[in-house]
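Enquirer: Residue numbers (the numbering used here): 4 to 455.
Quick reminder that beta carbons are idealized off the backbone N, C-alpha and C, glycines included.
A single structure is presented below for examination.
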Amino acid sequence: MHSVGGFDMRPDRGKVALAVLATMLASGIAHAGDVDSKGPDPVATAPVPWLFGDWGGYRTRLLQQGIDFQFGYVSEVAYNAQGGIKSEVANADQYLAGVTLDLDRLFGLHNSLFQVSITERTGRNLSDDAELGTLQQVQEIFGRGQTFRLTQFFLDQKYFNDLIDWKVGRAPFGGDFAAFDCDFQNLTFCGAAPGNLVGNYIWNWPISQWMTRLKFNFTGFGYFQFGVFDDNPKYLGVQDQLAPVFFPGSTGALIPVELAWLPKFGDGTLPGSYKIGAWYDTSNAPNVVDVMGTVAATNPSVPVVSSQGRYGGYINFEQQVTRSSSSNSRGGLSLFLNAVFADDRTSTLDRQIAGGLLYTGPLSWRPDDDVAFAVGTTHVNNRVASAQALENALGQGPVAIQQSEYEFELFYTIRPVNGLLIRPNLQYVLYPGGTNQNTNVIVFGLKSVANF
């Protein structure tokens with residue numbers, strides 16, 4: 004599976020990663036000795052956020068010159084104490100190497116930056132290994148092929164004092180639309196919700212597509228943006244995934260729009276984000292129910308009705324509601340609500356709703372710790388459920404009639420040193436797969452994130 008352009012990557016995986024990092028580092032250090040002509044930079048006085056420190060001051064100097072490296076690692080360990088066919092332990096992880104180039108500082112291109120990021124995912128998926136039967140993975144970091152990928156390769160240019168922001172290149176959908184952090188380990192509460200619901204054509208990180216996005220920022224309100232993403236399943240493959248290839252055979256275009264209100268309550272101390280969005284995909288797509296009224300995937304010999312276009316909508320609300328009296332600027336209680344809906348002609352899963360809370364600094368002597376709880380539900384299209392009932396009535400079953408799966412997660416975050424967090428979590432999945440025929444799932448997890 005580890006191949007790029009037909010060559011096996013696994014034996015030389017370490018060499019390739021080292022070569023990429025060495026090239027980026029050499030490029031950055033070449034600029035480190037330049038004199039900063041643009042005045043002092045706030046990064047010079049900010050706390051060092053990296054696990055490996057400041058490289059003897061080189062990293063801060065690079066930042067001042069407009070070169071910002073990102074080296075990261077995420078591990079998610081999961082053990083199912085209940086559910087599935089057997090108890091298993093699985094670890095899934097991701098490696099990241101990236102660089103942001105401030106083209107204004109480097110070359111005098113005003114309000115312009117360029118981003119390149121490469122990722123690799125490895126490990127095992129507990130949802131599959133233990134056959135949990137869940138609609139959403141209990142390790143969000145797993146998936147989309149265990150291979151190196153070009154995850155970001157784009158230019159971002161601002162005009163008219165940031166009134167207009169134009170982005171073009173290769174990027175994931177969730178980097179701009181329905182964007183949401185991946186603090187939780189269950190996929191229900193992680194990343195852009197549309198990709199969790201209709202992942203057959205909206206692809207979250209680490210998949211990138213050729214795209215363009217135009218954003219209009221309104222001072223004192225928020226922004227409005229729209230984009231166009233190339234729709235081509237070849238982005239999911241493992242061939243030519245390290246190069247910014249434009250694959251032939253596109254099926255259409257994915258066109259999202261988003262409006263955001265970004266208020267700050269409490270004299271500017273309680274930021275909020277209220278986003279509403281929608282998308283339309285121009286591709287021709289098969290319906291989930293065939294002409295006989297049964298689930299299309301179970302009757303390959305029966306003609307399938309296709310529809311022109313796929314669509315959906317979402318909301319993403321986040322609001323900090325309290326601010327702690329500690330010195331930690333992040334301290335206090337924040338709430339979130341995500342909801343996404345997809346058309347019931349072409350989507351097996353047609354809605355997902357999730358909400359939760361996060362409190363930073365729950366203990367006075369642990370101001371950087373977090374505790375969080377979330378609850379969500381993922382719903383199977385009623386057309387699918389009706390088709391499953393019909394199959395049973397026609398004697399083609401028995402098949403489980405799917406409705407809603409309910410997910411719960413509780414986590415606690417410990418930050419022992421700068422650049423490292425350790426997050427034990429407990430997940431409970433009620434009606435895995437949207438049916439009571441599967442045993443409810445209890446998972447003990449451990450998420451670790453390192454920023455080098």
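(1) Buried or exposed for Thr-363, please, with buried defined as at least 16 other CB atoms from any protein chain shown within 10 angstroms of its CB.
(2) Determine the DSSP secondary structure at Val-387, reduced to helix, strand or coil.
(3) So does the segment 189 to 196 actually touch the segment 211 to 229, counting three or more Cβ pairs closer than 8 Å?
(4) For the beta strand (DSSP E) that contains Ser-130, what are its first and last residues?
(5) Note the first and the last residue of the continuous alpha helix (DSSP H) segment covering Leu-109.
(6) Report yes if the CB atom of Val-387 is closer than 7 Å to the CB atom of Val-298, and no otherwise.
(7) Between the Cα of Asn-421 and those of Asp-353, Tyr-238 and Val-452, spot the shortest distance and give me the residue it belongs to.
(8) Suppose the cutoff is 8 Å on Cβ atoms and the five residues either side in sequence are ignored; what does the same chain contact list for Asp-372 look like?
(9) Can you list, in chain order, the residues of its chain whose CB lies under 7 Å from that of Thr-122, leaving out five sequence neighbours each side?
(10) Under 7 Å, do Gln-160 and Ala-95 count as touching if we go by C-beta distance?
(11) Hey, how far is the Cα of Gln-440 from the Cα of Gly-400?
(12) Whose CA, out of Asp-284, Gly-271 and Gly-225, lies closest to the CA of Gly-316?
(13) Give the straight-line distance between the Cα atoms of Asn-395 and Val-402, rounded to the nearest whole angstrom.
(14) For Leu-336 versus Thr-349, is the C-beta spacing smaller than 7 Å?
(15) State the CB to CB distance for the pair Phe-157 and Gln-118, rounded to an integer number of angstroms; the pair is presumed to be in contact (CB under 8 Å).
(16) Please classify Ala-246 as buried or exposed, where buried requires at least 16 neighbouring CB atoms within 10 angstroms.
(17) Assign Lys-41 to buried or exposed, taking buried as 16 or more other Cβ atoms, counted over all protein chains shown, within 10 Å of its Cβ.
(18) Taking the C-alpha atoms as reference points, what is the distance between Phe-447 and Thr-380?
(19) What do you reckon, are the CB atoms on Ser-120 and Arg-173 nearer than 7 Å?
(20) With Arg-426 as the anchor, note down where its alpha helix (DSSP H) starts and where it stops.
(21) Over the uninterrupted beta strand (DSSP E) stretch that includes Gln-67, give me the two end residues.
(22) Taking the C-alpha atoms as reference points, what is the distance between Glu-79 and Ile-445?
(23) Would you tell me roughly how many angstroms separate the C-alpha atoms of Phe-344 and Asp-243, rounded to the nearest one?
(24) Using 8 Å as the threshold, is the segment 404 to 411 in touch with the segment 424 to 440, meaning 3 or more CB pairs across them?
(25) Where Leu-262 and Ser-90 are concerned, what is the direct C-alpha to C-alpha distance, given to the nearest angstrom?
(26) Tell me Val-452's beta-bridge partners as DSSP assigns them.
(27) Check whether the Cβ atoms of Leu-109 and Gly-56 lie closer than 7 Å to each other.
(28) Helix, strand or coil for Asn-341? Go by DSSP, reduced to three states.
(29) Under the criterion of a Cβ to heavy atom distance below 6 Å, does Pro-251 qualify as lining the ligand COA?
(30) Any idea which residues DSSP pairs Gly-271 with across the strands?
(31) What does the Cβ neighbour count give for Val-286, buried or exposed, with the cut at 16 atoms within 10 Å?
(32) Could you pull the DSSP bridge partners for Phe-156 from this structure?
(33) Considering only residues of the same chain and omitting the five flanking positions on each side of Thr-125, which have a CB-CB separation below 6 Å?
(34) Enumerate in chain order the residues of its own chain whose CB-to-CB distance from Asp-132 is below 6 Å, with the five nearest sequence positions on each side excluded.
(35) Among Gly-252, Ala-256, Leu-239 and Gly-398, which has the Cα closest to the Cα of Phe-229?
(36) Assign Leu-190 to buried or exposed, taking buried as 16 or more other Cβ atoms, counted over all protein chains shown, within 10 Å of its Cβ.
Expert: Reading it off the structure:
(1) Classification of Thr-363: buried, given that the 10 Å Cβ count is 16 or more.
(2) Val-387 falls in the helix class under three-state DSSP.
(3) With a cut-off of 8 Å, the segment 211 to 229 and the segment 189 to 196 do not count as touching, because too few Cβ pairs lie within range.
(4) Here Ser-130 belongs to no beta strand (DSSP E); instead the alpha helix (DSSP H) covers 129 to 132.
(5) According to the DSSP assignment, Leu-109 belongs to the alpha helix (DSSP H) that extends over 106 to 110.
(6) Yes, the Cβ-Cβ distance between Val-387 and Val-298 is below 7 Å.
(7) If we check each option's Cα against that of Asn-421, Val-452 comes out closest.
(8) Exclusion of the five residues before and after Asp-372 leaves Thr-363, Gly-364, Pro-365, Leu-366, Tyr-415, Thr-416, Ile-417 and Arg-418 as the residues of its chain whose Cβ lies within less than 8 Å of its Cβ.
(9) The answer, listed in chain order, is Gln-97, Tyr-98, Leu-99, Arg-152, Thr-154 and Pro-209.
(10) No, Cβ-Cβ distance for Gln-160 and Ala-95 is not below 7 Å.
(11) Between Gln-440 and Gly-400, the C-alpha separation is close to 14 Å.
(12) Cα-wise, what sits closest to Gly-316 is Asp-284.
(13) Here the alpha carbon of Asn-395 sits roughly 7 Å from the alpha carbon of Val-402.
(14) No, they are not a contact pair.
(15) Their Cβ separation, rounded to whole angstroms, is 6 Å, which keeps Phe-157 and Gln-118 in contact under 8 Å.
(16) When all chains shown are included, Ala-246 counts as exposed.
(17) Only weak support is given to the placement of Lys-41: the predicted model assigns it a pLDDT of 39, under 50, and the question is left unresolved by the model.
(18) Taking the straight line from one Cα to the other gives about 19 Å.
(19) In this structure, Ser-120 sits away from Arg-173, with a CB-CB distance that is not shorter than 7 Å.
(20) Unbroken run through Arg-426 is the beta strand (DSSP E), 423 to 433; no alpha helix (DSSP H).
(21) Judged by DSSP secondary structure, Gln-67 falls outside any beta strand (DSSP E) and instead within the alpha helix (DSSP H) spanning 61 to 68.
(22) Approximately 16 Å, taken between the alpha carbons.
(23) When rounded, the distance between both Cα atoms is 33 Å.
(24) Because the criterion of three Cβ pairs below 8 Å is met, the segment 404 to 411 and the segment 424 to 440 touch.
(25) Computed Cα separation, rounded: 44 Å.
(26) Bridge partners of Val-452: Val-77 and Leu-424.
(27) For Leu-109 and Gly-56, no; Cβs fall outside 7 Å.
(28) It is a strand residue.
(29) For the ligand COA, the structure offers nothing, since it holds no ligand at all.
(30) For Gly-271, which the question treats as bridged, DSSP gives no partner whatsoever.
(31) What sits at residue 286 in the sequence shown is Ser, not Val. Burial state of Ser-286 is buried, judged by a 10 Å Cβ sphere holding 16 or more other Cβ atoms.
(32) Its beta-bridge partners are Val-119 and Arg-173.
(33) The residues Asp-96 and Gln-149, in chain order, have a CB closer than 6 Å to that of Thr-125 in the same chain once the five nearest residues on each side in sequence are set aside.
(34) For Asp-132, where only same-chain residues beyond five positions count, the Cβ hits under 6 Å are Glu-91 and Ala-93.
(35) Put simply, of Gly-252, Ala-256, Leu-239 and Gly-398 the residue whose alpha carbon is nearest the alpha carbon of Phe-229 is Ala-256.
(36) It counts as buried.
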